[in-house]
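Residue numbers (my numbering), protein chains in the order written: chain X, 112 to 404; chain R, 162 to 468.
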């Protein structure tokens, strides 16, 4: 800091009043976020809750609002999230282990690190362009679940890597040194001591990354996830739709009726997200209770 | 003899273990390399496809042309209307999110008690975790009607409502990054200012915020870059009319919304309409990637100062 305190004229009472006003302004702005969240949730519940019923959950999309449902999208999202988890967790955790436990301090390592931080900020639609060209066209996976989940994998890898690295870094060095002292190799140390200790943190990060993947729309639109799917996908190569795509499709229609079922779709999506986040909170809570360092 | 055999076996086991260690390390390294491969594939794909586009449309016409009608005759490929539409969203959302985000960060780190903080932080996280398509829906069905009540000439699709939801989306990011930056300012500097007789406001405005300035600015840059690339909310709320305007109540189209529009339609692959998405995507990528690099550089430098 170059400058010190500017000497402030005026009496202390005025300065104190100003200081207090500043505090209230900051507080008001912060609580505004709470109000916004409440308004958003209330609006969506008001518009959509009446439409969420068993028929809505078990029907395929339809031209008629009353018959339309979200079954194909729900199954599509579950497939997508499962496949994405299957691809992204091993690669993400492996990268985090490499960077934290193995990587020598050199140019390449720091380049990888910087690159991952930057990848986390690349707009999701650019990943969509990548997926469209690489998976849909060049590798000819077509507009399938495989293309969708591979695209999502690339999108959420940086999130998983960053979260896992933090979890691994939080494991105290003494644990590693104890393992080395007993003659364990680096991999044995990582596998039997570091990973189990970092697991709750990694899982929390993974779940957060998965909730990002389940809500992402733009890349799926890009790779051409269908908007009208009247079946449940059964294999990797099947075309699919997903919850956010279905919501987008309904919300983009001019008819008010479809807006209501878009809100109903949002409630289902938020419910799935809430479940996942509750799981993350539960894991964090349990691990904090069991932690011994 | 027996002892020799044992030594030999041990040596073999040792060798096998060394091999395994090396193999594991190799696999882990390959996984780490994937991130670099990803970056280079993005750059390669965008460069290659934009190159074929720029063979047919001069770069100058693309960057400085003021008409964007790639899907209709007579065709024109000036990206400025899309860029201005994006800027309108970015500037609008920054004007809202930056002051509110900074104020929230100041409140969270300097004023809020531990209990209030433990309530507000998760709420901000929830706001950050809501999918963008939900914000788009919210803009379309709640914010736009509200705007239309206040300003009668608001169009059904308008930049203002897009900018407002994008602001809500980036707000948690600004608040949490600024909060980190402010918390990294050592307490001793605050105490020094108090001991000189400064009020809390003076400490915050003249000591804490200047001390955390690089981190705060980095958070603004990251938020702006995020607003640049935001897609679904602006596609739903801001419309599909490429137009150079400063009026936020009019319908516009952002670069991202254009890409979505093309990929939703049935434009045949290989045509020039199809290649436009790569040219627009390349521009988007360059702008956001550039801003991210700058922001992370600033963040890293600032971490070194205090740690």
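No residue lacks a Cβ here, since even glycine has one placed at the ideal position from N, Cα and C.
Going along the segment 290–309 of chain X in order, which residues come within less than 8 Å of chain R, judged by CB to CB distance? Listed in sequence order: 296, 297 and 298.
Among R:433, R:443, R:295 and R:450, which residue has its Cα nearest to the Cα of residue 237 (chain R)? Along the second chain, one-based indexing puts residue 237 (chain R) at 76. Put simply, of R:433, R:443, R:295 and R:450 the residue whose alpha carbon is nearest the alpha carbon of residue 237 (chain R) is R:433.
Where does residue 234 (chain X) sit, in a helix, a strand or coil, going by DSSP? On the first chain, residue 234 (chain X) is found 123 positions in, with the first residue counted as 1. Correct three-state label for residue 234 (chain X): coil.
What are the residues in the segment 170–191 of chain R lying within 8 Å of chain X by C-beta distance? If you check each beta-carbon in the segment 170–191 of chain R against every beta-carbon of chain X, the ones closer than 8 Å belong to 178, 181, 182, 185, 186, 188, 189 and 190.
Assigned secondary structure, residue 350 (chain X) (DSSP; H/G/I helix, E/B strand, else coil): Taking the first chain and counting its residues from 1, one reaches residue 350 (chain X) at position 239. In the structure shown, residue 350 (chain X) sits in a strand (DSSP, three-state: E or B).
Which chain X residues sit within Cβ distance under 7 Å of residue 393 (chain R)? As a working mapping, residue 393 (chain R) is identified with position 232 in the second chain. Per Cβ cutoff of 7 Å: 328, 329 and 359.
Would you mind listing the alpha helix (DSSP H) stretches within the segment 269–316 of chain R that are 4+ residues and don't spill past its ends, in chain order? For the segment 269–316 of chain R, the continuous alpha helix (DSSP H) assignments of 4+ residues that do not extend past its boundaries occur at 275–290, 293–299 and 305–311, in sequence order.
Figure out for me which residue from X:142, X:214 and X:234 has the closest Cα to the Cα of residue 192 (chain R). If you number the second chain from 1, residue 192 (chain R) lands on position 31. Of the candidates X:142, X:214 and X:234, the one whose C-alpha sits nearest the C-alpha of residue 192 (chain R) is X:214.
Neighbourhood of residue 264 (chain X) by C-beta distance below 7 Å, restricted to the same chain and skipping five residues each side: Within the first chain, the letter at position 153 stands for residue 264 (chain X). So the qualifying residues of the chain are 195, 198 and 199.
Contact list for residue 147 (chain X) against chain R, beta-carbon separation under 8 Å: Counting from one through the first chain, the residue named residue 147 (chain X) turns up at place 36. Correct list: 288 and 329.
Beta-carbon proximity of residue 236 (chain X) to residue 420 (chain R), cut-off 9 Å: The residue given as residue 236 (chain X) occupies position 125 in the first chain. The residue given as residue 420 (chain R) occupies position 259 in the second chain. Yes, the pair counts as a contact, with Cβ atoms nearer than the cut-off.
Please identify, using Cβ separations under 9 Å, the residues of the segment 291–309 of chain R that lie next to chain X, in order along the chain. Near chain X, meaning a CB-to-CB distance below 9 Å, the residues of the segment 291–309 of chain R are 291, 292, 293, 294, 295, 296, 297, 298, 299, 301, 302 and 303.
Considering Cα atoms alone, identify which of X:157, X:239, X:177 and X:183 is closest to residue 350 (chain X). Along the first chain, read from residue 1 onward, the residue named residue 350 (chain X) stands at position 239. Of the listed residues, the one whose Cα sits closest to residue 350 (chain X) is X:183.
Determine which residues of the segment 412–442 of chain R have a Cβ less than 8 Å from any Cβ of chain X, and write them out in chain order. Residues of the segment 412–442 of chain R with a C-beta atom less than 8 Å from some C-beta of chain X are 417, 420, 421, 424, 425, 430, 438, 439 and 442, listed in chain order.
Against chain R, which members of the segment 121–150 of chain X pass a CB distance test of less than 9 Å? So the close ones are 123, 126, 127, 129, 130, 131, 132, 133, 134, 136, 137, 138, 139, 140, 141, 142, 143, 144, 145, 147, 148 and 150.
For residue 230 (chain R): DSSP bridge partner residues: The residue given as residue 230 (chain R) occupies position 69 in the second chain. Note: residue 230 (chain R) sits in a beta bridge opposite R:237.
When the Cα of residue 453 (chain R) is compared with those of X:181, X:173, X:226 and X:154, which residue comes out closest? To locate residue 453 (chain R), count along the second chain from 1; it is residue 292. For the residues X:181, X:173, X:226 and X:154, the minimum Cα distance to residue 453 (chain R) belongs to X:226.
Can the beta-carbon of residue 369 (chain R) be found less than 9 Å from the beta-carbon of residue 353 (chain R)? The sequence position of residue 369 (chain R) within the second chain is 208, counting from 1. The sequence position of residue 353 (chain R) within the second chain is 192, counting from 1. Contact flag unset, no.
Residue 234 (chain X): which of R:460, R:458, R:451 and R:317 sits nearest, CA to CA? Position 123 of the first chain holds residue 234 (chain X). Taking only the C-alpha atoms, the option nearest residue 234 (chain X) is R:451.
State the Cα-Cα distance for the pair residue 122 (chain X) and residue 387 (chain R), rounded to the nearest angstrom. Within the first chain, numbered from 1, the residue matching residue 122 (chain X) stands at position 11. Within the second chain, numbered from 1, the residue matching residue 387 (chain R) stands at position 226. Distance between the alpha carbons of residue 122 (chain X) and residue 387 (chain R) is about 44 Å.
Where the segment 264–280 of chain R meets chain X: residues whose CB sits under 7 Å from a CB there: Going along the segment 264–280 of chain R in chain order, one finds 264, 265, 267, 268, 269 and 272 with a Cβ nearer than 7 Å to chain X.
Here's a check: name, in chain order, each residue in its chain whose Cβ is nearer than 7 Å to the Cβ of residue 230 (chain X), leaving out the five neighbours to either side. For the purposes of this step, residue 230 (chain X) is taken as residue 119 along the first chain, with counting starting at 1. For residue 230 (chain X), same chain residues with a beta-carbon under 7 Å away, outside a window of 5 residues either side, are 269 in chain order.
DSSP state of residue 170 (chain X), grouped into three classes? Residue 170 (chain X) sits at position 59 when you count from the first residue of the first chain. It is coil, neither helix nor strand.
Once you ignore the five residues that flank residue 423 (chain R) on each side, which residues in its own chain have a CB closer than 6 Å to its CB? Taking the first residue of the second chain as position 1, residue 423 (chain R) is located at position 262. Once the five neighbours on either side are set aside, the close Cβ partners of residue 423 (chain R) are 438.
Inter-residue Cα distance where the pair is residue 418 (chain R) and residue 315 (chain R): The residue given as residue 418 (chain R) occupies position 257 in the second chain. The residue given as residue 315 (chain R) occupies position 154 in the second chain. The alpha-carbon of residue 418 (chain R) is positioned some 20 Å away from that of residue 315 (chain R).
Residues of chain R with CB under 8 Å from residue 230 (chain X), in chain order? In the first chain, residue 230 (chain X) corresponds to position 119, counting from 1. For residue 230 (chain X), the chain R residues whose C-beta falls within less than 8 Å of its own C-beta are 196, 199 and 200, listed in chain order.
Can you list, in chain order, the residues of the segment 349–362 of chain R whose Cβ is nearer than 7 Å to any Cβ on chain X? Correct list: 354, 357, 359, 360, 361 and 362.
Out of curiosity, what's the CA-to-CA distance linking residue 342 (chain X) and residue 170 (chain X)? Numbered from 1 along the first chain, position 231 holds the residue referred to as residue 342 (chain X). Numbered from 1 along the first chain, position 59 holds the residue referred to as residue 170 (chain X). A direct Cα-to-Cα measurement between residue 342 (chain X) and residue 170 (chain X) gives close to 10 Å.
Using beta carbons (cut-off 9 Å, strictly below), is residue 390 (chain R) in contact with chain X? Residue numbering aside, residue 390 (chain R) sits at position 229 when the second chain is read from its first letter. At least one chain X Cβ lies under 9 Å of residue 390 (chain R).
Mind pulling the chain X residues with CB within less than 7 Å of residue 369 (chain R)? As a first step, residue 369 (chain R) must be located in the second chain, where it is residue number 208. Those do not exist, as residue 369 (chain R) stays about 10 Å from chain X at its closest Cβ, beyond 7 Å.
So which residues of chain R does residue 209 (chain X) contact, with C-beta pairs closer than 7 Å? On the first chain, residue 209 (chain X) is found 98 positions in, with the first residue counted as 1. Taking a Cβ-Cβ cut-off of 7 Å, the neighbours of residue 209 (chain X) in chain R comprise 189, 190, 192 and 193, given in sequence order.
According to DSSP, is residue 127 (chain X) helix, strand or coil? The sequence position of residue 127 (chain X) within the first chain is 16, counting from 1. Residue state for residue 127 (chain X) is assigned as helix, using DSSP reduced to three classes.
Whose C-beta lies closer than 6 Å to the C-beta of residue 114 (chain X) among residues of the same chain, with five residues either side of it excluded? Stepping through the first chain from its first residue, residue 114 (chain X) is reached at position 3. Reliability of the predicted coordinates at residue 114 (chain X) is poor, the pLDDT of 49 falling under 50, and the value obtained from them is presented with this limitation in mind. Cβ neighbours of residue 114 (chain X) beyond the five flanking positions: none.
Assuming contact is defined by CB atoms lying nearer than 9 Å, are residue 266 (chain X) and residue 218 (chain X) in contact in what I supplied? What you label residue 266 (chain X) is simply residue 155 of the first chain in a count that begins at 1. What you label residue 218 (chain X) is simply residue 107 of the first chain in a count that begins at 1. Taking C-beta atoms as the reference points, residue 266 (chain X) and residue 218 (chain X) fail to come closer than 9 Å.
For residue 263 (chain R), collect the residues of the same chain with a Cβ closer than 6 Å to its Cβ; drop the 5 residues on either side in sequence, then sort them by chain order. Here residue 263 (chain R) refers to the residue found at position 102 when the second chain is read from its first residue. Only 339 meet the Cβ criterion.
Just verifying my parser: in three-state terms, what is the DSSP assignment at residue 472 (chain R)? Past the boundaries of the shown model lies residue 472 (chain R); chain R is included only from 162 to 468, so the question cannot be answered.
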